[in-house]
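K.L.:
What follows is the structure, given as structure tokens:
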């Protein structure tokens, strides 16, 4: 079945550092790919998405590119802030006619001042 | 404002007790979902419903039950058969055929 693998956390960075959170997937067909963010004590919210190969999703300074050849969708941000501290989930959906997302385990990001 | 409301935010269950978590949405979404979140394990799908009066089991449905009598509401009952219920429970909704999920703010269930 479909699966999503994310790098284990926590990822700990200083403010203004460069962020990369790796995400790779296994899926049949051509899924849509997503990054969701979860702030402490809250539900998830969609951060960005890409629906086909070579698409770049971007939002709030975060970006990720759909790489079909490496089955990856790595999340990047050039300069993180303390307010970016959260758990980030990579997800895919749209394979086999199903729109129910498959989520990765989540990666915790901690940004220090 | 449109959104998903989960209640209560914190819930405590006694041994052998059934408890019900509420989820209401005013987004006019057809599909609704329940996920369980445990530390370090990501999200696991319990049940989902794509239309009123119909629902399907997810990956970990044992010990849980749901109903979908109204489009806006999708309550989850954690039964006494669920031996390890302590977790953070998230409800979500989406337009039918749309992959983007909208989430509620969750309910933390703990066992007394």
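Chains as they are written, first to last, in our numbering: chain A, 405 to 517; chain B, 188 to 299. Glycine residues also receive a C-beta, built at the ideal position from the N, C-alpha and C atoms. Please read these numbers as outputs of a predicted model, since none were measured by experiment.
With a cut-off of 8 Å, does the C-beta of residue 203 of chain B fall near any C-beta of chain A?
P.N.:
In the second chain, the residue the question calls residue 203 of chain B occupies position 16. No, no contact with chain A.
K.L.:
What is the C-beta distance between residue 515 of chain A and residue 419 of chain A, in whole angstroms, given that I count them as a contact (C-beta under 8 Å)?
P.N.:
Translated into the one-based positions of the first chain, residue 515 of chain A becomes position 111. Translated into the one-based positions of the first chain, residue 419 of chain A becomes position 15. Rounded, the Cβ-Cβ distance is 6 Å, consistent with contact.
K.L.:
Please classify residue 197 of chain B as buried or exposed, where buried requires at least 16 other C-beta atoms within 10 Å of its C-beta.
P.N.:
Translated into positions along the second chain, residue 197 of chain B becomes position 10. Exposed, because fewer than 16 other Cβ atoms sit within 10 Å of the Cβ of residue 197 of chain B.
K.L.:
Under three-state DSSP, which class holds residue 487 of chain A?
P.N.:
Taking the first residue of the first chain as position 1, residue 487 of chain A is located at position 83. Of the three classes helix, strand and coil, the one that applies to residue 487 of chain A here is helix, per DSSP.
K.L.:
Taking Cβ to Cβ, would you say residue 255 of chain B is nearer than 8 Å to residue 236 of chain B?
P.N.:
Along the second chain, read from residue 1 onward, the residue named residue 255 of chain B stands at position 68. Along the second chain, read from residue 1 onward, the residue named residue 236 of chain B stands at position 49. It is a contact, given that the beta carbons lie within the stated cut-off.
K.L.:
Is the beta carbon of residue 232 of chain B less than 8 Å from the beta carbon of residue 222 of chain B?
P.N.:
Locating residue 232 of chain B in the second chain gives position 45, counting from the first residue. Locating residue 222 of chain B in the second chain gives position 35, counting from the first residue. Taking 8 Å as the Cβ cut-off, residue 232 of chain B and residue 222 of chain B qualify as a contacting pair.
K.L.:
Checking contacts by CB at 8 Å: is residue 351 of chain A closer than that to chain B?
P.N.:
With chain A represented from 405 up to 517, any question about residue 351 of chain A goes unanswered, as that position is not in the structure.
K.L.:
Is there a Cβ from chain B that is less than 8 Å from the Cβ of residue 498 of chain A?
P.N.:
Against the first chain, residue 498 of chain A aligns to sequence position 94. Cβ-Cβ to chain B under 8 Å: yes for residue 498 of chain A.
K.L.:
Just to confirm before moving on: does the CB-CB distance between residue 260 of chain B and residue 216 of chain B stay below 8 Å?
P.N.:
For the purposes of this step, residue 260 of chain B is taken as the residue at position 73 of the second chain. For the purposes of this step, residue 216 of chain B is taken as the residue at position 29 of the second chain. Result no, Cβ atoms of residue 260 of chain B and residue 216 of chain B do not sit closer than 8 Å.
K.L.:
Strictly below 7 Å CB to CB, what residues from chain B border residue 507 of chain A?
P.N.:
As a first step, residue 507 of chain A must be located in the first chain, where it is residue number 103. Residues of chain B passing the Cβ test: 229, 230.
K.L.:
Are the segment 273-290 of chain B and the segment 447-456 of chain A touching, with three or more C-beta to C-beta distances below 8 Å?
P.N.:
Touching, per the Cβ criterion.
K.L.:
Helix, strand or coil for residue 446 of chain A per DSSP?
P.N.:
Locating residue 446 of chain A in the first chain gives position 42, where the first residue counts as 1. Looking at residue 446 of chain A - three-state DSSP - the assignment turns out to be coil, as it is neither helix nor strand.
K.L.:
Is residue 457 of chain A closer than 8 Å to residue 477 of chain A when the C-beta atoms are compared?
P.N.:
Within the first chain, residue 477 of chain A is the residue found at index 73, counting from 1. Within the first chain, residue 457 of chain A is the residue found at index 53, counting from 1. No, they are not a contact pair.
K.L.:
Do you know how far the Cα of residue 298 of chain B is from the Cα of residue 202 of chain B?
P.N.:
For the purposes of this step, residue 202 of chain B is taken as the residue at position 15 of the second chain. For the purposes of this step, residue 298 of chain B is taken as the residue at position 111 of the second chain. Roughly 7 Å separates the two Cα atoms.
K.L.:
Check each candidate in A:499, A:482, A:501, A:469 and name the one with the smallest Cα separation from residue 439 of chain A.
P.N.:
Stepping through the first chain from its first residue, residue 439 of chain A is reached at position 35. Ranking A:499, A:482, A:501, A:469 by Cα distance to residue 439 of chain A puts A:469 first.
K.L.:
Please report the residue range of the beta strand (DSSP E) in which residue 276 of chain B lies.
P.N.:
Working through the second chain from its first residue, we reach residue 276 of chain B at position 89. Segment 274-281, the beta strand (DSSP E) holding residue 276 of chain B.
K.L.:
If you measure from the CB of residue 196 of chain B, is any heavy atom of the ligand COA nearer than 7 Å?
P.N.:
With respect to the ligand COA, the structure shown offers nothing to examine, as it has no ligands at all.
K.L.:
Applying a beta-carbon distance threshold of less than 9 Å, which residues of chain B neighbour residue 493 of chain A?
P.N.:
Along the first chain, read from residue 1 onward, the residue named residue 493 of chain A stands at position 89. Under the 9 Å cutoff, chain B gives 229, 230.
K.L.:
Given that a residue counts as buried once 16 or more other Cβ atoms are within 10 Å of its Cβ, and exposed if not, what is residue 276 of chain B?
P.N.:
Within the second chain, numbered from 1, the residue matching residue 276 of chain B stands at position 89. Buried.
K.L.:
Would a C-beta distance cut-off of 8 Å place residue 417 of chain A and residue 486 of chain A closer than the cut-off?
P.N.:
Taking the first residue of the first chain as 1, we reach residue 417 of chain A at position 13. Taking the first residue of the first chain as 1, we reach residue 486 of chain A at position 82. Cβ atoms of residue 417 of chain A and residue 486 of chain A: not closer than 8 Å.
K.L.:
So what's residue 238 of chain B in DSSP terms, helix, strand or just coil?
P.N.:
Residue numbering aside, residue 238 of chain B sits at position 51 when the second chain is read from its first letter. Here residue 238 of chain B sits in strand by DSSP.
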